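I have placed the structure first, in the form of structure tokens, so that the comments after it can refer back to it.
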Ligand code: NAX
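Below, the structure written as structure tokens:
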């Protein structure tokens, strides 16, 4: 179609935004035939910096970029949006604990959920990247009662891609050889990458490596990757986080034949409680995700998945107590 798809991005002047916007405008998000209108939200003090980013977007002369709208008012920016990438959030500062972060960022997502509810297009798809992503998605969907909750996802695709990269390196295979890998649970250090259902050239990944490697190297490396990048780069993951955000929404919007990791509102599958947004292996059909059913989970996997789900329940209880949901 030639009607531009309206893609809203929050935190557009931030680090992730600086990678994300150019890829959206180049067609990486919605494909080479779909023009986009970018609608960019920032806090008021960041609007001048955002204008600089828009100047650079102009200077790329992307054929698919039909227009760019910027502002600090969610109801204006989300007006008619078909896709919303909620990246903007306050980073954790020194002396802030997780509860402080939940409270500070939670307020952003109550307001943005309500604004989406009021003005977004009927087909809106929302992906939350800003941390704590899973619980922020829960807050947003709870404040958008007229939008089906299935339209709210959170990002665990970066963990998925990190796990794929580590496994490919270990086995000296191409990432393309790896199928059916999935991250379960929360996007924090409790996330669980299941190698017992992952296939490498048709073989079970867990059979190709030592159990000790899975437990003592693979899982901790994926879990601590964000910290390792901050240490090496002096700044948190940005280009890889943008790439994962693109991958997730691309696969949701355009479709994929593969099993992918998506944090979605739990329907109780595999004993993960309803009322949280948790990562599952998902397939996408006709623009709708569904949780892959019928997977065998061993005791180790079940224990790790439940431990991560428990973290999400604790976060849910905290934001409930704060009156955010
Ligand atoms: P930056 O601090 O560079 O950018 C965030 C931007 O959001 C800033 O420009 C800020 O002004 C803006 N912002 C803050 N409140 C806003 C609001 N109410 N409305 C609109 N914009 C607002 O952070 P960046 O490195 O881009 O990271 C953004 C978020 O992604 C953080 O919360 C970060 O923790 C999270 N991440 C999530 C990942 C994931 O896998 N789910 C991985 C990467 C990243 O750490």
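Numbering (full-length UniProt numbering), first residue to last: 2 to 326.
A virtual CB, placed ideally from N, CA and C, is assigned to each residue, including glycine.
All values derive from a computational prediction rather than experimental measurement.
Beta-carbon contacts of residue i that lie in its chain and below 6 Å, excluding the five residues immediately before and after
i	result
residue 248	158
residue 296	198
residue 78	9, 40, 42, 72
residue 16	239
residue 299	197
residue 142	150, 153
residue 275	267, 269
residue 321	none
Contact belief for residue i with residue j at Cβ below 8 Å, rounded distance in angstroms
i	j	result
residue 75	residue 42	6 Å
residue 282	residue 309	With a Cβ gap of about 14 Å, residue 282 and residue 309 do not count as contacting.
residue 250	residue 86	7 Å
residue 55	residue 6	Not confirmed; about 18 Å, so no contact.
residue 45	residue 88	Going by Cβ atoms, the distance from residue 45 to residue 88 rounds to 17 Å, so no, they are not a contact pair.
residue 50	residue 100	In fact, because the Cβ distance is near 30 Å, the residues do not count as touching under 8 Å.
residue 156	residue 243	Residue 156 to residue 243, Cβ: 10 Å. No contact.
residue 145	residue 115	7 Å
residue 164	residue 205	About 15 Å; that fails the 8 Å criterion.
residue 120	residue 160	Incorrect: roughly 32 Å between the Cβ atoms, too far for contact.
Backbone CA spacing between residue i and residue j [nearest angstrom]
i	j	result
residue 91	residue 132	8 Å
residue 148	residue 231	36 Å
residue 33	residue 254	13 Å
residue 182	residue 200	7 Å
residue 18	residue 317	27 Å
residue 127	residue 35	18 Å
residue 306	residue 138	19 Å
residue 107	residue 122	23 Å
residue 150	residue 225	30 Å
residue 96	residue 105	13 Å
residue 153	residue 315	20 Å
residue 221	residue 319	26 Å
residue 61	residue 235	28 Å
residue 63	residue 30	13 Å
residue 47	residue 293	41 Å
residue 194	residue 269	19 Å
residue 241	residue 233	14 Å
residue 271	residue 301	14 Å
residue 172	residue 210	8 Å
residue 212	residue 304	16 Å
residue 28	residue 113	26 Å
residue 98	residue 290	33 Å
residue 288	residue 229	35 Å
residue 277	residue 11	23 Å
residue 109	residue 162	27 Å
Endpoints, the alpha helix (DSSP H) within which residue i is located
i	result
residue 297	Careful: residue 297 lies outside any alpha helix (DSSP H) and carries neither H nor E.
residue 108	99 to 120
residue 23	16 to 27
residue 50	48 to 61
residue 136	134 to 143
residue 170	158 to 172
residue 75	75 to 78
Close Cβ partners of residue i (< 8 Å) along its chain, the five nearest in sequence each way excluded
i	result
residue 58	22, 23, 26, 39, 66, 69
residue 279	135, 185, 186, 187, 264, 265, 267, 273, 309, 310, 313
residue 52	71
residue 202	174, 178
residue 227	237, 238
residue 219	164, 167, 168, 171, 194, 196, 210
residue 323	103, 104, 107
residue 190	224, 225
Residue span of the beta strand (DSSP E) that contains residue i, given as start and end
i	result
residue 67	66 to 72
residue 262	257 to 266
residue 87	84 to 87
residue 40	37 to 42
residue 126	126 to 129
residue 155	153 to 155
residue 9	6 to 11
Heavy atom of the ligand FMN within 8 Å of residue i beta-carbon
i	result
residue 91	For the ligand FMN, the structure offers nothing, since it holds only the ligand NAX.
Contacts around residue i, its chain only, beta-carbon distance under 7 Å, and the 5 residues preceding and following it disregarded
i	result
residue 93	102
residue 259	180
residue 215	196, 207
residue 125	82, 83, 85, 117, 148, 152
residue 166	176
residue 111	140, 144, 325
residue 4	none
residue 285	252, 253, 256, 257
residue 20	239, 240, 243
is_contact[residue i, chain C] using C-beta, thresh 9 Å
i	result
residue 254	Checking the listed chains, one finds no chain C in this structure; it contains a single protein chain.
Requested in this report: Pick out the complete beta strand (DSSP E) segments inside the region 177 to 204, 3 residues or longer, and give them in chain order.
Outcome: 183 to 185, 193 to 195
Report task. Scan the region 207 to 278 and note each continuous beta strand (DSSP E) run of 3 residues or more that stays entirely inside, going in chain order. Result -> Those beta strand (DSSP E) runs which fall completely within the region 207 to 278 and span 3+ residues are 257 to 266.
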